[in-house]
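Q: The structure that follows is given in the form of structure tokens.
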Amino acid sequence: MSEKEMSFWDHLEEFRWTIIRVIIAVIAFSVVGFIVIPHIFDSVILAARSSDFVTYRFFEKVSEYIPFLPDFSADSFSVEMLNINMTTQFMTYISTSLMFGVLCTIPYILYELWKFISPALYENEAKGVKTVFGFGGFMFIIGCLVGYFVVFPLIFRFLITFELSESIENMISLDSYMNNFYTLILIMGLVFEMPLVFWLLSKLGLIYRSFFRKFRRHAVVGSLLAAALITPSGDPFSLFVVTVPIYMLWEISAFMVKKDPPEEEENLPAVFE
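Per this note's numbering, the sequence shown runs over residues 3 to 275.
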């Protein structure tokens, strides 16, 4: 721990400057986003509306060998975006720039949090917490990528091609697209923090490795239910694609928690009569 003792007000002042530095970093990256977003909006954020999206092309190739997969034919999917509100395009521009700033600042935010709490930790504790911060940030980014490349495009493609009646033409507004885009990617980012949550529970002594062996079958069902909530389409293919990474997170978590403590001997030494 730090040799210099800090008062409550010293900690509060340090925390205030931590927040200020984080806000400045978010603003700086948001300005960068404000510059680059117009150049990447169509090719990155709206990419899922085109049949050229990398995920669709991948599953189109796979469907040549697995015939029961959904139709991902390149010439059967194209979506036109609509804007029915005068301010939506401008507000989307601002919000997307801010999201870009926040996502790019996440490593720095974790660094600032680490720098703030590390003086209060012992050396062995600091190493563990430092690893957790790094792993948590890495898993959040992986979750966002899974949301972007897998979950969102599959859900979007199903919902936009679903027809209740042939007389109804599916058209999507910009704000509807963006709301679902942000929500699903954020959800997957948070879902991928599951190993970190279990690690913290293990550090508190609330769960051990035997917990995962005991509830493995329940985890399979829970992963399926979570996938059903995330993917409203409900088709078997989408459920399978989303269930697999969620269950894999459960298995990864099992390796991150503490082993079961040695059981105390139940039989006491015999007492001589």
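Backbone N, C-alpha and C fix where the C-beta goes; we use that ideal spot for every residue, glycine too.
Let me see if you follow: with CB-CB separation under 8 Å, is L84 close to chain D or not?
A: Absent from the structure: chain D. Only one protein chain is present.
Q: Counting only the same chain and skipping the five closest in sequence on each side, list residues whose C-beta sits under 6 Å from that of P263.
A: Sequence index remark: in the sequence shown, residue 263 carries index 261 (1-based). Closer than 6 Å at the Cβ level, and outside the excluded window around P263, lies no residue.
Q: Between the C-alpha atoms of N172 and Y58, what's the straight-line distance to the nearest angstrom?
A: The count along the sequence shown starts at 1 and reaches residue 172 at position 170. The count along the sequence shown starts at 1 and reaches residue 58 at position 56. C-alpha separation (whole angstroms): 19 Å.
Q: Is it buried or exposed for S99, if we count other Cβ within 10 angstroms and need 16 for buried?
A: The sequence position of residue 99 within the sequence shown is 97, counting from 1. The residue is buried, with at least 16 neighbouring Cβ atoms inside 10 Å.
Q: Quick check: the Cα distance between L131 and F239, rounded to an integer number of angstroms?
A: In the sequence shown, residue 131 corresponds to position 129, counting from 1. In the sequence shown, residue 239 corresponds to position 237, counting from 1. A small fix is needed here, since residue 131 is Val in this sequence, not Leu. About 38 Å.
Q: Do you know how far the Cα of G191 is from the Cα of I144?
A: Here residue 144 refers to the residue found at position 142 when the sequence shown is read from its first residue. Here residue 191 refers to the residue found at position 189 when the sequence shown is read from its first residue. If I take the Cα positions, the gap works out to 7 Å.
Q: Which word fits V153, buried or exposed, when buried means at least 16 other C-beta atoms lie within 10 angstroms of its C-beta?
A: Here residue 153 is taken as the residue at index 151 of the sequence shown, counted from 1. Burial call: buried.
Q: What residue range is occupied by the uninterrupted alpha helix (DSSP H) comprising Y58?
A: As a working mapping, residue 58 is identified with position 56 in the sequence shown. Where Y58 is concerned, the enclosing alpha helix (DSSP H) stretches over 56–64.
Q: Quick check: the Cα distance between F61 and I157, rounded to an integer number of angstroms?
A: Walking along the sequence shown from the start, residue 61 turns up at place 59. Walking along the sequence shown from the start, residue 157 turns up at place 155. For F61 and I157, the distance between alpha carbons rounds to 14 Å.
Q: Looking at C-alpha atoms only, which residue of P69, E165, I111 is the closest neighbour of T20?
A: As a working note, residue 20 is residue 18 in the sequence shown. Nearest option by C-alpha distance: I111.
Q: Considering I232, what are the terminal residues of the alpha helix (DSSP H) in which it resides?
A: Taking the first residue of the sequence shown as position 1, residue 232 is located at position 230. Counting along the chain, the alpha helix (DSSP H) containing I232 begins and ends at 218–232.
Q: Taking the alpha-carbon of V34 as reference, which of I96, Y67, M180, Q91 has the nearest alpha-carbon?
A: Counted from its first residue, the sequence shown places residue 34 at position 32. It is I96.
Q: Can you find at least 3 beta carbon pairs, one from the segment 160–172 and one from the segment 212–228, that sit closer than 8 Å?
A: Touching, no, given that fewer than three Cβ pairs across the two stretches are closer than 8 Å.
Q: Tell me the rounded alpha-carbon separation between F274 and M141.
A: For the purposes of this step, residue 274 is taken as the residue at position 272 of the sequence shown. For the purposes of this step, residue 141 is taken as the residue at position 139 of the sequence shown. Only weak support exists for where F274 lies, its pLDDT of 39 falling under 50; the coordinates are left without a value.
Q: Going by other Cβ atoms of all chains shown within 10 Å of its Cβ, with 16 needed for buried, is S250 buried or exposed?
A: Your numbering for residue 250 matches position 248 in the sequence shown. The residue asked about is misnamed: residue 250 is Met in this sequence, not Ser. Exposed: under 16 other Cβ atoms inside 10 Å.
Q: Can you check which of these residues, I29, S120, G149, is closest to G103 by C-alpha distance?
A: Reading the sequence shown from its first residue, position 101 is the one you call residue 103. Among I29, S120, G149, the Cα nearest to that of G103 is on I29.
Q: Taking the alpha helix (DSSP H) that M190 belongs to, which residues open and close that run?
A: Stepping through the sequence shown from its first residue, residue 190 is reached at position 188. Segment 176–193, the alpha helix (DSSP H) holding M190.
Q: S9: buried (16+ other C-beta within 10 angstroms of its C-beta) or exposed?
A: Along the sequence shown, one-based indexing puts residue 9 at 7. Flag for S9 reads exposed.
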